[in-house]
Amino acid sequence: MGEKRRTYTEEFKKDAVELSNRSDKTVKNVSENLDIPYGTLIRWRREYKDKGDLAFPGHGKQKLTPEQKEIQRLKKELKDAKTERDILKKAVSIFSNEAK
């Protein structure tokens, strides 16, 4: 049977990254002491460096900044408005054909 995949909390990941950044030990030694794969710790460090507090959202859910949330809301609103417009265009077309 396959080995069960380990999961780590967001707090653990952040603590591991901080420890690896502050420690005098190598990243390899820190990963061994924490019993996590070296490549995993390297990936966490890169993600934390790139995304800061938005890193490690868990279960594929994105952590969005307020600006990103607003953009997402506006995109949905625009899509809904376009759908309404298309429906109204079709309705006008149908009613104008019936009037003839």
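Letter by letter, the sequence shown follows residues 171 to 270 of the numbering used here.
Every residue, glycine too, gets a C-beta built ideally from N, C-alpha and C.
Remember, it's a predicted structure, so these values are computed and weren't measured experimentally.
In three-state DSSP terms, what is residue i?
i: Asp194; result: coil
i: Arg216; result: helix
i: Gln206; result: The amino acid at residue 206 is misidentified as Gln; the sequence shows Ile. Coil at Ile206, not helix or strand.
i: Arg175; result: coil
i: Phe226; result: coil
i: Leu234; result: coil
For residue i versus residue j, is the C-beta distance shorter than 9 Å?
i: Tyr178; j: Ile206; result: yes
i: Pro236; j: Glu180; result: no
i: Tyr218; j: Val187; result: yes
i: Asn191; j: Arg215; result: yes
i: Lys195; j: Ala225; result: no
i: Lys233; j: Asp223; result: yes
If I measure Cβ to Cβ from residue i and keep anything under 6 Å in the same chain, skipping five residues before and after, which residues do I get?
i: Tyr208; result: Lys198 and Ser201
i: Leu258; result: none
Apart from the five residues just before and just after residue i, which ones in its own chain have a Cβ nearer than 8 Å to its Cβ?
i: Arg243; result: none
Going along the chain, which residues of its own chain have a beta-carbon closer than 7 Å to the beta-carbon of residue i, five neighbours each way excluded?
i: Leu189; result: Val200
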